[in-house]
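To convert, note that position 129 of the sequence shown is 128 in numbering that gives the first Met the number 0; the numbers rise steadily by one, no gaps. As structure tokens, the structure follows; a few thoughts come after it.
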Amino acid sequence: MHFRSLALTVAFLRAIAFIRRGFWGSTARMQLLWIGTQAMQLFLKGSEDLAGRVQGKATYLGTRARIVRLVDRFLSVDVLSDRLSDLPSQFSSPHQRPWEPIDWKQVNAAQIIGIDPNLFVQIIGSAAEIEAPIRGYAQESWDYLHRFHPQMALFVGGEFSAETGRQSVGIWEKEERQHTPVMRKLYRQLTGQTFQPKPNAVEGYQESNNPSDAVYRHLCSRISTEWSAIAVYLWLMAHSTGELQQAIAQLLQDEVNHLAKFWGFSRWAFGRSSLGQFGVAVGDILALVKHHKGDRTNGQEMLSPRQILSQLPRLLEIGFTFVRVMIRIHAWDKELSYSYLKHLFGSHPMAIAV
Ligand SMILES: [Fe+2]
Ligand SMILES: [Fe+2]
């Protein structure tokens, strides 16, 4: 305790020294932020949050342990099964997943742990941009699904008719459209600056001479984006604590909810192997990275070879998170027998005209 008090005092005196030297530019502000996060980590050392023990000094193995703990907590087989079994009831009585309240006044940059705060907020900004064009995503999904499975189309994209336009908003869209505002609010809370997202480009519905395969590939692309969002939010949660981590947990739980539903629905509807589904989704994720390099505000900078090399430990952590999520989904998938899926959704839909 003596050591911690001493370290906090040293951090405080260093902060005062920076201010007195007059270096109050953005570099000095980030240095101050860094000192603040170091002081907070010393203060929090030994305490627990949603990812387990808060590391006094962040290490690669320590961060991995936090990621594993988060996967166990938020992507347990029970949670995934519960989220999938909720889908049939969404068809009969649509309902949004309730959020726990976020105490925004308590969110601050000192809750970023074991990582350059600049990188953390850059990732938040990119996530806000990727989440932004939700209406376009929902319309795209509705276009693919409405002839194949009208109830799933309703859940994702709401009711729509060519004559009268949009009648209602789908539950998936309602849940997703909360995410960009939350990311922007986090950005503002962490930096004091307003972030104006440059929305992601949406490819939109593409005509195909094999409509059934087009629906399958579209579901796989939804799986890949939900999977990517989960991995990134888990990683952000491993590098945060307190109310900041609690806020990201709300987004994460929405994405887990969506991944379980898209994954299980696709397995029921097409009966293709789990590995085949992963294969298509991995291809989509690689295409997404390429797309975002050109499309994101910080994409060129964040994905430049120099930046990739300098952030290698962070990339390894993110890669580890993707794999850990994949392993958990694969373990859960073993419980998705056709008889269980039939119990949830009824007979195979391939007889339905597409
Ligand atoms: Fe989202
Ligand atoms: Fe989602």
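The C-beta atom is built at its ideal place from N, Cα and C for all residues, glycine as well. Keep in mind that this is a model prediction, so the values were computed, not measured.
- Message: Could you compute how far the alpha carbon of Glu162 sits from the alpha carbon of Phe154?
- Response: Taking the sequence shown and counting its residues from 1, the one referred to as residue 162 is at position 163. Taking the sequence shown and counting its residues from 1, the one referred to as residue 154 is at position 155. Distance between the alpha carbons of Glu162 and Phe154 is about 20 Å.
- Query: Comparing the CB of His178 with every heavy atom of ligand 1, is any distance shorter than 6 Å?
  - Reply: In the sequence shown, the residue the question calls residue 178 occupies position 179. Answer for His178: yes, Cβ within range of ligand 1.
- Item | Phe344 beta carbon less than 7 Å from that of Trp267 | Position 268 of the sequence shown, counted from the first residue, corresponds to residue 267. Position 345 of the sequence shown, counted from the first residue, corresponds to residue 344. A contact, by the Cβ cut-off of 7 Å.
- Query: So, Ile66 versus Thr240, is the Cβ gap smaller than 7 Å?
  - Reply: Along the sequence shown, read from residue 1 onward, the residue named residue 66 stands at position 67. Along the sequence shown, read from residue 1 onward, the residue named residue 240 stands at position 241. No. Outside cutoff.
- Item | For Phe194, the three-state DSSP class (helix, strand or coil) | Position 195 of the sequence shown, counting from 1, holds the residue named residue 194. In the structure shown, Phe194 sits in coil (DSSP, three-state: anything other than H, G, I, E or B).
- Message: As an exercise, report each continuous alpha helix (DSSP H) stretch of at least 4 residues that is fully enclosed by the region 308 to 351, in chain order.
- Response: 311 to 332, 337 to 344
- Check whether the region 120 to 135 touches the region 169 to 189, counting contact only when three or more Cβ pairs, one atom from each stretch, lie closer than 8 Å. With a cut-off of 8 Å on Cβ pairs, the region 120 to 135 is in contact with the region 169 to 189, counting three or more such pairs.
- Under 6 Å, CB to nearest heavy atom of ligand 2: contacting residues: Glu175, Glu225, Ala228, Asp253, Glu254, His257
- Is any heavy atom of ligand 1 found at a distance shorter than 6 Å from the C-beta of Glu130? Start at 1 with the first residue of the sequence shown, and residue 130 comes out as number 131. Relative to ligand 1, the beta carbon of Glu130 is positioned inside 6 Å of a heavy atom.
- Task: Inspect the CB distances between the region 196 to 206 and the region 238 to 253 and report whether three or more fall short of 8 Å.
- Result: no
- Task: Report the residue from Val181, Gln252, Ile326, Gly51 whose alpha carbon sits nearest the alpha carbon of Glu128.
- Result: Position 129 of the sequence shown, counting from 1, holds the residue named residue 128. Measuring from the Cα of Glu128, the nearest candidate turns out to be Val181.
- Nearest-angstrom Cα separation, counted from Phe264 out to His347: For the purposes of this step, residue 347 is taken as residue 348 along the sequence shown, with counting starting at 1. For the purposes of this step, residue 264 is taken as residue 265 along the sequence shown, with counting starting at 1. Each residue's Cα considered, the two are about 10 Å apart.
- Please find out if some non-hydrogen atom of ligand 4 comes closer than 6 Å to the beta-carbon of Lys197. In terms of ligand content, the structure shown lacks ligand 4 and carries ligand 1 and ligand 2 instead.
- Task: Assuming Gln54 and Gly135 form a contact by the criterion Cβ under 8 Å, report the distance between their Cβ atoms to the nearest whole angstrom.
- Result: Counting from 1 along the sequence shown, the entry for residue 54 is found at position 55. Counting from 1 along the sequence shown, the entry for residue 135 is found at position 136. Wrong, their Cβ atoms sit about 40 Å apart, outside the cutoff.
- Task: Classify Ile387 as buried or exposed, calling it buried when 16 or more other Cβ atoms lie within 10 Å of its own Cβ.
- Result: Since the displayed the chain opens at 0 and closes at 353, residue 387 lies outside it and no answer follows.
- Message: Check this for me: beta carbons of Ile284 and Glu254, under 7 Å apart or not?
- Response: Counting from one through the sequence shown, the residue named residue 284 turns up at place 285. Counting from one through the sequence shown, the residue named residue 254 turns up at place 255. No, Cβ-Cβ distance for Ile284 and Glu254 is not below 7 Å.
- Ser220 (DSSP reduced to helix, strand or coil): Locating residue 220 in the sequence shown gives position 221, counting from the first residue. Residue state, collapsed to three classes: helix.
- Range covered by the alpha helix (DSSP H) that runs through Ser140: If you number the sequence shown from 1, residue 140 lands on position 141. Note, Ser140: alpha helix (DSSP H), 133 to 144.
- Item | Pick from Thr62, Asp81, Ser309 that is closest to Glu334, judged by C-alpha positions | The residue given as residue 334 occupies position 335 in the sequence shown. For the residues Thr62, Asp81, Ser309, the minimum Cα distance to Glu334 belongs to Asp81.
- Task: For the alpha helix (DSSP H) holding Ser80, just list the boundary residues, first then last.
- Result: Within the sequence shown, numbered from 1, the residue matching residue 80 stands at position 81. 76 to 84 is the span of the alpha helix (DSSP H), which, as asked, contains Ser80.
- Does DSSP put Val147 in a helix, a strand or coil? Working through the sequence shown from its first residue, we reach residue 147 at position 148. The question names Val, but residue 147 in the sequence shown is Phe. Correct three-state label for Phe147: coil.
- Is the distance from the Cβ of Gln245 to the Cβ of Ile170 below 7 Å? Within the sequence shown, numbered from 1, the residue matching residue 245 stands at position 246. Within the sequence shown, numbered from 1, the residue matching residue 170 stands at position 171. Their beta carbons are not under 7 Å apart, which means Gln245 does not touch Ile170 by this criterion.
- Query: According to the neighbour-count rule (16 or more other Cβ atoms, all chains shown, within 10 Å of its Cβ), is Gln252 buried or exposed?
  - Reply: As a first step, residue 252 must be located in the sequence shown, where it is residue number 253. With 16 or more other Cβ atoms within 10 Å, it is buried.
- Query: The alpha helix (DSSP H) spanning Arg63 covers which residue range?
  - Reply: Reading the sequence shown from its first residue, position 64 is the one you call residue 63. Where Arg63 is concerned, the enclosing alpha helix (DSSP H) stretches over 59 to 73.
- Item | Own chain, CB closer than 6 Å to Trp331, minus 5 neighbours either side, in chain order | Numbered from 1 along the sequence shown, position 332 holds the residue referred to as residue 331. The residues are Val76, Leu79.
- Item | For Glu47, the three-state DSSP class (helix, strand or coil) | In the sequence shown, residue 47 corresponds to position 48, counting from 1. It is a strand residue.
- How many angstroms separate the CA atom of Val231 from the CA atom of Phe159? For this step, residue 231 is matched to residue 232 along the sequence shown. For this step, residue 159 is matched to residue 160 along the sequence shown. If you take the alpha carbons of Val231 and Phe159, they lie about 32 Å apart.
- Given a threshold of 16 other Cβ atoms within 10 Å of its Cβ, counted over all protein chains shown, does Tyr59 qualify as buried or as exposed? On the sequence shown, position 60 is the one that residue 59 refers to. Exposed, since its Cβ has fewer than 16 Cβ neighbours within 10 Å.
- Candidates Glu175, Gln177, Ala152, Trp103: closest to Arg165 by CA position: By 1-based counting over the sequence shown, the position of residue 165 is 166. Checked all of Glu175, Gln177, Ala152, Trp103; the closest Cα to Arg165 is Ala152.
- Any beta-carbon of chain C closer than 7 Å to the one on Asn256? In the displayed structure, chain C is absent; only one protein chain is listed.
- Query: Since Arg271 is in the alpha helix (DSSP H), which residue starts that stretch and which ends it?
  - Reply: What you label residue 271 is simply residue 272 of the sequence shown in a count that begins at 1. From DSSP, Arg271 is part of no alpha helix (DSSP H); its letter is neither H nor E.
- Query: What residues are listed by DSSP as bridge partners for Gly164?
  - Reply: Residue mapping note: residue 164 aligns to position 165 of the sequence shown, counting from 1. Looking at the DSSP assignment, Gly164 forms a beta bridge with Ser160.
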